[in-house]
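Chains as they are written, first to last, in the numbering used here: chain A, 2 to 198; chain B, 361 to 746. Note that beta-carbon positions come from the ideal geometry of N, C-alpha and C, so glycine has one too.
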Amino acid sequence: MTVLDGTLLDPAAFAAALDACHEQAAPGGLVASGSRWALASAARAGDGVPVPGGPPELVALRCAAPAGERELAVFAEQLLRLHRQALRTVLDAAVARLDRRLSEGTTLLNRQLVRGAVADTALALAESADLLGLPAGTPWRRWRIHRDLTAAGRTALKLHGAAGFEAAGPGRLLYLTELLGNTYLHPQPHGSEAQDD
Amino acid sequence: MTEGLSPRIEALRAHVREAAVELRTIGPEIDRDPTAIDRWLHLPAVDIMRGCTVPTEYLDRPLRIGGDTYDIRSCLEHVVTIEELSYGDAGFMLACPGPLMSGATIDALADDKQRHAYYQRMAGPEPTWTFFGLTEPAKGSAATELETALVPDGDGFRLTGGKRYVGNAAFAQLGVVFCRRAPGPLGIEAVLLDTDTPGFHAELVETVGLRGARISAIRFEDVRVERTQILGYQTLKPSRRGLVGAIRTLQRFRPVLAGTALGLSRAVLDHVHRQRPGLAGTARLRLAEAQDRLAAARARNYRVAQAIDAGQVRLDHVAGVKTRAAELAEYCTLVAADLLGPAALLEDPLLNRLYRDARAFEFMEGTGHIQRLAVFQGVLKGTFLD
Chain A
2 MTVLDGTLLD PAAFAAALDA CHEQAAPGGL VASGSRWALA SAARAGDGVP VPGGPPELVA
62 LRCAAPAGER ELAVFAEQLL RLHRQALRTV LDAAVARLDR RLSEGTTLLN RQLVRGAVAD
122 TALALAESAD LLGLPAGTPW RRWRIHRDLT AAGRTALKLH GAAGFEAAGP GRLLYLTELL
182 GNTYLHPQPH GSEAQDD
Chain B
361 MTEGLSPRIE ALRAHVREAA VELRTIGPEI DRDPTAIDRW LHLPAVDIMR GCTVPTEYLD
421 RPLRIGGDTY DIRSCLEHVV TIEELSYGDA GFMLACPGPL MSGATIDALA DDKQRHAYYQ
481 RMAGPEPTWT FFGLTEPAKG SAATELETAL VPDGDGFRLT GGKRYVGNAA FAQLGVVFCR
541 RAPGPLGIEA VLLDTDTPGF HAELVETVGL RGARISAIRF EDVRVERTQI LGYQTLKPSR
601 RGLVGAIRTL QRFRPVLAGT ALGLSRAVLD HVHRQRPGLA GTARLRLAEA QDRLAAARAR
661 NYRVAQAIDA GQVRLDHVAG VKTRAAELAE YCTLVAADLL GPAALLEDPL LNRLYRDARA
721 FEFMEGTGHI QRLAVFQGVL KGTFLD
């Protein structure tokens, strides 16, 4: 647990958490993806363009060259941990919300479909932690973890109903983690034709 | 041509498809600024949406294609129309003036005088935006539990409470509000409300995508409601008013929403095909799989719409197509983001917009959890898998 847990729904806190990923991999610098994009807070990036669908606190900067392999690997691991934190935040918020919402004399958390979705999300979170704990991480493994977390995130978002689609809410938080994974973790070389996944 | 659809429907599809072509370039503008629709009200696509489901006797220039006239009140015609416009841009389509869901409630509940006044207004020279106010902040779209209160006040009523996630409400001139006059399901009423009535407040809710839907929050502060504004108050028993209108509207519109999701799905898969014509191996198979699922979902949606036109409204089938289409839109956009490669969500504006838009369909007109309960009932009754 970090001090940011529970506050990632705040765009400034999310941008700070992303900056911390850069700091772990490249102290004082920015990690550019294989496609030469770096996403960070406007303060850290200094310049850049708005992230489509993102908050003003985040920018995307086109860099001269991708980061080195080691830096990218460290950053990717940190990014996946941030994705896990974000998903945990979204799940916890859903549980708290549904425990307060009453329907037909009981809380929505008592519905079997709801409990199943909570459990499925938790199972994916637990498995992703186990996968991240394996030695010798590879780009393909990290990509699979990202995809698993994305799928689990979609499950968790459904627990929020329409609130999960509000910009100031869990929907945008998980959208940003998906966009970051697409930018940094996609294992295919940038600009090449996809053949296998 | 889609197998099994009549030449009349295919002519409508071709006409709408042509009108939808230019929406693709306007979509980004609507995404940035949903009020930008005001600059595009002269487009044929807007004319289609304004006249969609308005009876032809109210229109000076009803839609004519070849020798046929269309009011698009058939569910199948409506589905095909919305699917094609959504292929162009779903956000643009939803930002358009016109009856949309409120018209279905009018058809279900209004007396002749109410219906006439409503459609005269919809057919008038000025564009009129409408809303369908059912969902509440604390209760979602559980119609039987809604809390917005209609309290007697002299010879009329006062409306108090709030709605959330209501398309176009912050920009509409009128809309339908579901509210509670008395406890229990028979105490629900549907009120046709002008948004310039004192005490009506609506504001835009910022969303992840589909910003053209202009999803809004409404607050009612002692809004005066006359008896004549309660739909069917003079002609229908309480058991045939209010809740019945909400249910019929949702039943009628779920295949239409499925058409929106399927139009978007087709748009994103076609985009992948154009951008990556040389896909090979597993990637090519993934695209083919998504295209197969889309073709199957479209065919099923047409069958459900045709059944509705024939008077056979099957709740489980309607719920099934809505939830599968919503899931398919998410699935297709996720597949597209994978196949278009690293940073595609940053670099490809169309993909990015469709990717964000696709997430709206899950909660619109009832969540997947609610639809699954209807499918489950259909399995128990032996109607879903027949």
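Option nearest residue i by Cα separation, candidates the options
i	options	result
L699/B	I590/B, G521/B, P637/B, P388/B	P637/B
R148/A	L175/A, E167/A, A39/A	L175/A
A26/A	R71/A, R37/A, L10/A, A14/A	R71/A
R626/B	A696/B, V585/B, T588/B, R600/B	A696/B
S42/A	P190/A, A14/A, R155/A	A14/A
H23/A	F76/A, P188/A, D93/A, T8/A	F76/A
L564/B	E549/B, L710/B, N528/B	N528/B
P512/B	R524/B, K523/B, A542/B	A542/B
I575/B	L519/B, L494/B, L445/B	L494/B
R155/A	H402/B, E707/B, D391/B, R716/B	R716/B
L158/A	N183/A, A46/A, T90/A, V50/A	T90/A
T178/A	V32/A, R82/A, L132/A	R82/A
L570/B	K597/B, F736/B, G387/B	G387/B
Q611/B	A665/B, T620/B, F580/B	A665/B
A532/B	V604/B, L622/B, M482/B	M482/B
Chain B contact residues for residue i, given Cβ-Cβ distances below 7 angstroms
i	result
Q113/A	Result: empty, since nearest Cβ-Cβ is about 10 angstroms, beyond 7 angstroms.
Bridge partners - residue i, DSSP secondary structure assignment
i	result
F492/B	V536/B
S104/A	T107/A
T429/B	R424/B
A13/A	None, per the DSSP bridge assignment.
I369/B	BP columns for I369/B are empty, so no partner.
E563/B	A577/B
C584/B	Note that residue 584/B corresponds to Arg in the displayed sequence, not to Cys. DSSP, once it has assigned bridges, lists R518/B as partnering R584/B.
Neighbour list for residue i in chain B, Cβ cutoff strictly below 8 angstroms
i	result
G35/A	P702
A61/A	L706
T184/A	P702, A703, L705, L706
Per-residue burial, residue i [other beta carbons within 10 Å of its own, 16 or more giving buried]
i	result
H476/B	exposed
P136/A	exposed
G463/B	buried
W38/A	buried
L124/A	exposed
H375/B	buried
D197/A	Below a pLDDT of 50, predicted positions are generally treated as unreliable, and D197/A, at 49, falls in that range; the measurement from the model is reported next regardless. Under this definition D197/A is an exposed residue.
F721/B	buried
Y662/B	buried
H187/A	buried
V4/A	Here V4/A scores only 38 on pLDDT, less than 50, and its place in the model is too uncertain to base an answer on.
W1/A	The structure shown does not extend to residue 1/A, since chain A spans only 2 to 198, so no value can be given for it.
R540/B	buried
Q731/B	buried
M2/A	Bear in mind that a pLDDT of 38 at M2/A, under 50, signals an unreliable position, so the number given afterwards is only what the model happens to contain. Burial call: exposed.
V52/A	buried
H631/B	buried
K473/B	exposed
Q86/A	buried
G742/B	exposed
R684/B	buried
L740/B	exposed
M361/B	Residue placement at M361/B is flagged as unreliable, the pLDDT there being 48, under the threshold of 50; the coordinate-derived value follows with that caveat. Label assigned to M361/B: exposed.
A130/A	exposed
D428/B	exposed
Chain-ordered chain B contacts of residue i [CB-CB under 9 angstroms]
i	result
V187/A	Checking the displayed sequence, the identity of residue 187/A turns out to be His instead of Val. Per Cβ cutoff of 9 angstroms: A697, D698, G701, P702, A703, A704.
G54/A	D391, V568, G569, L705, N712, R713, Y715, R716
W38/A	P702, A703, L706, E707
Interface partners of residue i on chain A, CB under 8 angstroms
i	result
G521/B	Correct list: empty, because the minimum Cβ distance to chain A is about 17 angstroms.
V440/B	Chain A residues near V440/B: none, gap ~26 angstroms exceeds 8 angstroms.
V681/B	Simply none; closest approach about 18 angstroms.
Contact set between residue i and chain A, taken where Cβ atoms lie within less than 9 angstroms
i	result
V537/B	Neighbours of V537/B on chain A: none; closest Cβ ~17 angstroms, over 9 angstroms.
E690/B	R155
Chain-ordered chain A contacts of residue i [CB-CB under 7 angstroms]
i	result
Y525/B	A163
A720/B	F166
V565/B	E167
Neighbour list for residue i in chain E, Cβ cutoff strictly below 9 angstroms
i	result
R102/A	Protein chains in the displayed structure are A and B, and chain E is not among them.
Taking a cut of 8 angstroms between CB atoms, which residues from the stretch 163 to 181 of chain A lie near chain B? Here the close residues are A163, G165, F166, E167, A168, A169, G172, R173, Y176, E179, L180.
Given a limit of 7 angstroms on CB to CB distance, which residues of the stretch 722 to 735 of chain B reach chain A? Per Cβ criterion, the list reads E722, F723, T727, G728, H729, R732.
Could you name the residues of the stretch 492 to 520 of chain B whose beta carbon sits closer than 8 angstroms to any beta carbon of chain A, in the order they occur along the chain? Cβ contacts with chain A come from T495, A498, K499, G500, A502, E505.
The stretch 66 to 89 of chain A: which residues have C-beta closer than 7 angstroms to a C-beta of chain B, in chain order? Under the 7 angstroms Cβ criterion, the stretch 66 to 89 of chain A contributes no residue.
Return the residues of the stretch 650 to 670 of chain B that lie within a Cβ-Cβ distance of less than 9 angstroms from chain A, sorted by chain order. Going along the stretch 650 to 670 of chain B in chain order, one finds no residue with a Cβ nearer than 9 angstroms to chain A.
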